[in-house]
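Below you'll find the structure, written out as structure tokens, and then a few comments.
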Amino acid sequence: MEQPKTTVKETKIPELKMIPGLEIFDRHDFLNGRGLYVSFFGKIPNLLEISNINTEDFTIFFKEKYSEAILKEYCYKTNIKKDKEEYEDAVYLLKGELLLQINSQNYLEIYSQAQSLNDLSELFEDIKKFRRKKKKPKNEISLIVPCHGSLGTERVKFKNPKINLEENYNDDFLEIHQNVVQQLNKKQESGLVLFHGKPGTGKSTYLRYLVKKLKKDVIFVSPKTAGSLDNLEITKLLLDNKNTVLIVEDAEELIVSRNNERNSNLSTLLNITDGILGECLGIQIIATFNTDVQNIDKALLRKGRLKISYEFKELSVEKTNKLLEQQEIEAVVNQPMNLADIFNFTNNDGYNQPLRKAVGFRN
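Sequential numbering from 1 applies to the sequence shown in this note's numbering.
This is how it looks when you write it as structure tokens:
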């Protein structure tokens, strides 16, 4: 008797339906996972976002293990050299009404109809194998950068300054430094550290030295970005970077009171450093400024919020002359000098900055 023929049911690949007003491209001309999902499946998806993933290694693993489940693949590739393709971003349309977006900022987005992780257990367990260990690399700081219609962070290296705190700063500073390191390394702690003083007194140099001493990720916030702290994209960025330290240099526009009026950005700063948002995020902020501390909003100085405040001053006469001697400069000064003047004492770049009066020369 002839056996009946069996047929293999092929999975139908959904067709892309362009919906007026629905964006399937992000601001960087790659694909928007949300819009793409709705366009393919005609349904609003649930979203699971998983950060801190080694996306390069995961992509190789995923394409091998889940090859039969992949219906469509869209990739943004760059640096194609010697037949090697480096993926920046990729979107995979999968069986079971799944869409996986792999981002170059080391996080994944899973769009699906799943209501819980139990429905995605195998895929989720595979993804967890590629989580990066949270360890702050030495001499790196994170910058805030655009990331597919939102904001993300990108690590950059910097040169660690070789300074001797006892020689380059006044006698009261070593204890301050120890307290700052201890405070900022506390886990899930909110609060504010204020560094102020005249330009050239060593604030920025010290910050670069300090970053290496911290066990947390450090994010640099430009004055322009600090002026957008009330932006929802900034809030999402902070939620993705809990238990970190933010550095805001030249923060006058953010922290100085204007006719006793408090702007929304300052209110957000107050909430981050000692409020409900602060309790949720565990973020500490270092703000530097050149203006007098009396000019900043008094709410920033409240006990509990303000952890440490220090004024960087010109170096004492004794320490100034010692540093000059170390540079083999045969001048003796009788007034304090800031670090910038000391280390540019013989600067011949065409700009003659006034120096303190000298009282003699070494023999």
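Even glycine gets a Cβ: it sits at the ideal position worked out from N, Cα and C.
Every value quoted in this text rests on a predicted model; they were computed, and no experiment measured them.
Short of 8 Å in beta carbon distance, which residues of its chain neighbour residue i, apart from the five on each side in sequence? Order them along the chain.
| i | result |
| --- | --- |
| I53 | N106, Y107, L108, I127, F130, R131, R132 |
| S204 | E249, T288 |
| N170 | K313, L315, S316, K319 |
For residue i, which beta-bridge partners are listed by DSSP?
| i | result |
| --- | --- |
| M337 | L315 |
| A90 | C75, I102 |
| I247 | F220, I286 |
| V156 | I141 |
| L450 | With the chain covering 1 to 363 only, the question about residue 450 has no answer from this structure. |
| Y400 | This structure gives no information on residue 400, because the portion of the chain shown stretches from 1 to 363. |
| S309 | L194 |
| R208 | For R208, which the question treats as bridged, DSSP gives no partner whatsoever. |
Quick one: is residue i buried, meaning 16 or more other Cβ sit within 10 Å of its Cβ, or exposed?
| i | result |
| --- | --- |
| D366 | A query on residue 366 cannot be resolved here, the shown segment of the chain reaching from 1 to 363 and no further. |
| Q327 | exposed |
| C319 | In the sequence as presented, Cys is not what sits at residue 319; that position holds Lys. It counts as buried. |
| D172 | exposed |
| I296 | buried |
| R302 | exposed |
| L184 | buried |
| F25 | exposed |
| L16 | exposed |
| T346 | exposed |
Suppose contacts are defined by Cβ-Cβ distances below 9 Å. Is residue i in contact with residue j by that definition?
| i | j | result |
| --- | --- | --- |
| R155 | L143 | yes |
| L323 | N168 | yes |
| L238 | L194 | no |
| L229 | S257 | no |
| K236 | S150 | yes |
| I286 | L165 | no |
| V333 | N321 | yes |
Report the residue from the options whose alpha carbon sits nearest the alpha carbon of residue i.
| i | options | result |
| --- | --- | --- |
| E140 | S104, E88, K215, Y74 | K215 |
| L99 | N334, N46, E56 | N46 |
| N271 | V245, Y111, A299 | A299 |
| Y37 | D217, E64, L94, D57 | L94 |
| G42 | T59, I19, L246 | I19 |
| L254 | L246, T244, I70, L269 | L269 |
Enumerate in chain order the residues of its own chain whose CB-to-CB distance from residue i is below 7 Å, with the five nearest sequence positions on each side excluded.
| i | result |
| --- | --- |
| K213 | V181 |
| T225 | I144 |
Identify, in the order they occur along the chain, each residue of the same chain with its Cβ nearer than 6 Å to the Cβ of residue i, setting aside the five sequence neighbours on each side.
| i | result |
| --- | --- |
| G35 | L22, E23, I24 |
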